[in-house]
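Novice: A single structure is presented below for examination.
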Amino acid sequence: MLGTHSVSNLRGPRYVCLARDGGFIVSEECGDVKLFNSNHKLVGSLGCRYGHQFGNPAGVCADVEGNIIVADEQHRAVHLFPKSGSPICVVSKGLRKPAGVACSNSGLLLVADSGDNYWLGLHIYGIKEDGVN
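All residue numbers for the sequence shown refer to our numbering, where the first residue is 5 and numbers rise by one.
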């Protein structure tokens, strides 16, 4: 174990992932998605940076290009937050309660979807620069 660091400025942390720049990303229960640098300092949030209103952000991941992808359980959608530009809703059809997301190095997006405490499935999508293909 490398050591323990305490991180402040979080309310109800849920999911965490590493960012491509060495920092990390944390979703908050019924809140926002916070961005931290490699020194564990808060550098912003997706809600403030993009003017985006989350319902209940859940799973987070960062793709090879540094874009951030967030599953929103309440809005039943998955959004991609590009390094520049506006957020893109990459998946909304057919989702009940998207909880977990993961990105592959080859451009695949995996979405774990559950509903009412039971497993619905794992959806796999190909991601292009302008959304899902």
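Cβ atoms here follow ideal geometry from the backbone N, Cα and C, with glycine treated the same way.
#1: Secondary structure at C34, three-state DSSP: helix, strand or coil?
#2: Give a yes or no on whether the C-beta atoms belonging to V37 and P61 are separated by under 8 Å.
#3: Between L84 and the rest of its own chain, which residues show a CB-CB distance below 6 Å, the 5 nearest in sequence each way excluded?
#4: Can you name, in chain order, every residue of its own chain whose Cβ lies under 8 Å from the Cβ of C107, other than the five neighbours on each side?
#5: From A23, A116, S110, pick the residue whose C-alpha is nearest to that of V82; which is it?
#6: What is the rounded straight-line gap between the Cα of G48 and the Cα of Y19?
Specialist: Let me spell this out:
#1: On the sequence shown, position 30 is the one that residue 34 refers to. Correct three-state label for C34: coil.
#2: On the sequence shown, residue 37 is found 33 positions in, with the first residue counted as 1. On the sequence shown, residue 61 is found 57 positions in, with the first residue counted as 1. Yes; because the gap between Cβ atoms is below 8 Å, this pair is in contact.
#3: Translated into positions along the sequence shown, residue 84 becomes position 80. If we look at L84 and ignore the five residues flanking it on each side, its Cβ neighbours are N71, I73, I92, V94.
#4: Taking the sequence shown and counting its residues from 1, the one referred to as residue 107 is at position 103. Contacts found: C65, A66, D67, V68, I73, L113, L114, I131.
#5: For the purposes of this step, residue 82 is identified with residue 78 of the sequence shown, where counting begins at 1. Residue A116 is the option with its Cα nearest to V82.
#6: As a working mapping, residue 48 is identified with position 44 in the sequence shown. As a working mapping, residue 19 is identified with position 15 in the sequence shown. Taking the straight line from one Cα to the other gives about 17 Å.
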